[in-house]
Amino acid sequence: MGKKLKKSNIILIGFMGVGKGRTARMLAKETGRFAVDCDDLIESFTNKKVKKIFAEYGEPRFRKLEKQVALWLEKKVRDTIISTGGGFLKVPNIRRIGTLFYLHSDFDQIVGAVHDHPNSRKKIKKRPLLQDVGQARALFDERLPLYRDLADYEIQAGGRSIEEVVGDIVQCMKNSKPVKREGTK
Ligand code: S3P
Numbered sequence: 090m091g092k093k094l095k096k097s098n099i100i101l102i103g104f105m106g107v108g109k110g111r112t113a114r115m116l117a118k119e120t121g122r123f124a125v126d127c128d129d130l131i132e133s134f135t136n137k138k139v140k141k142i143f144a145e146y147g148e149p150r151f152r153k154l155e156k157q158v159a160l161w162l163e164k165k166v167r168d169t170i171i172s173t174g175g176g177f178l179k180v181p182n183i184r185r186i187g188t189l190f191y192l193h194s195d196f197d198q199i200v201g202a203v204h205d206h207p208n209s210r211k212k213i214k215k216r217p218l219l220q221d222v223g224q225a226r227a228l229f230d231e232r233l234p235l236y237r238d239l240a241d242y243e244i245q246a247g248g249r250s251i252e253e254v255v256g257d258i259v260q261c262m263k264n265s266k267p268v269k270r271e272g273t274k
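Mapped onto my numbering, the consecutive letters of the sequence shown carry residue numbers 90 to 274.
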């Protein structure tokens, strides 16, 4: 890899269903790094599914667990690809964990892709905040400027293949400079 990014972890942020996990796994393969997923870390730590944590203890408990994961990542994890839940942008130390890549897709594209997925029922069921499309859209509108403010790089993910998205990220990692926000809102 060319010039090194200042912060060694690569963090993928973005709305639910945009493909952060799949992108992280392919990026890991491409770069020879390990990938970890924040929701997986929470599930293994609590031995409960995210959906169950929301249902049994409520969203605030889940957000607290995200903060715990964030502190651990900052302290212990280096040179890793990190995929996050859509709300991870709110952890206070996110910028200290690594270089932030925001994966962008329009809300309608996200909903379309989730519905077209062969496992769509499961994909929707496991996400408590995707149950009501109106509320999810409001959440998207609220978060979009926050993702954009926070990100070091913005990558267009909607309507593109994982290979293209991964290719863009690898390019940024090599050049260490932001790609143009083409085709994004
Ligand atoms: C959430 C996104 C989910 C998961 C939880 C809350 C959110 O992850 O962390 O259901 O607040 O946007 P994905 O973005 O992987 O769906």
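From the three backbone atoms N, C-alpha and C, an ideal C-beta is built for every residue, glycine too.
About 5 Å separates the CB atoms of Thr112 and Val254; that is less than 8 Å, so the two are in contact. Listed in chain order, the non-local C-beta contacts of Asp128 below 6 Å within the same chain comprise Val139, Gly174, local neighbours out to five positions each way being set aside. The Cβ atoms of Asn182 and Ala159 lie closer than 8 Å to each other.
The C-alpha of Arg185 is placed about 14 Å away from the C-alpha of Gln157. Contact annotation: Ile171 and Ile99 have beta-carbon atoms nearer than 8 Å. The stretch 101 to 108 and the stretch 189 to 203 touch, with three or more beta-carbon pairs separated by less than 8 Å. Your pair Gly248 and Gln198 checks out as a contact, with CB atoms roughly 6 Å apart and the cut at 8 Å.
The beta carbon of Thr135 lies closer than 8 Å to those of Ile142, Leu154 in the same chain, with the five residues before and after it left out.
Around the beta carbon of Gly108, a 10 Å sphere encloses 16 or more other beta carbons of the protein chains shown; the residue is thus reported as buried. The C-beta distance from Leu233 to Ala225 rounds to 12 Å, too long to meet the 8 Å contact threshold.
No heavy atom of ligand 1 is found nearer than 7 Å to the CB of Arg167.
Contact check for Leu178 against Leu239 passes: the beta carbons are separated by less than 8 Å. Where Gln245 is concerned, the enclosing beta strand (DSSP E) starts and stops at 242 to 245. Leaving aside the five residues that flank Val180 on each side, the residues in its chain whose CB is nearer than 7 Å to its CB run, in chain order, Glu155, Lys156, Ala159. A heavy atom of ligand 1 is found nearer than 7 Å to the CB of Met105. DSSP, reduced to helix, strand and coil, places Phe177 within a helical segment of the structure shown. Secondary structure of Ser172 (DSSP, three-state): strand.
Phe190 has Leu101, Tyr242 as its beta-bridge partners, per DSSP.
Residue pairing by DSSP places Ala124 opposite Ile170 in a beta bridge. If you draw a straight line from the Cα of Gly121 to the Cα of Cys261, it comes to about 16 Å.
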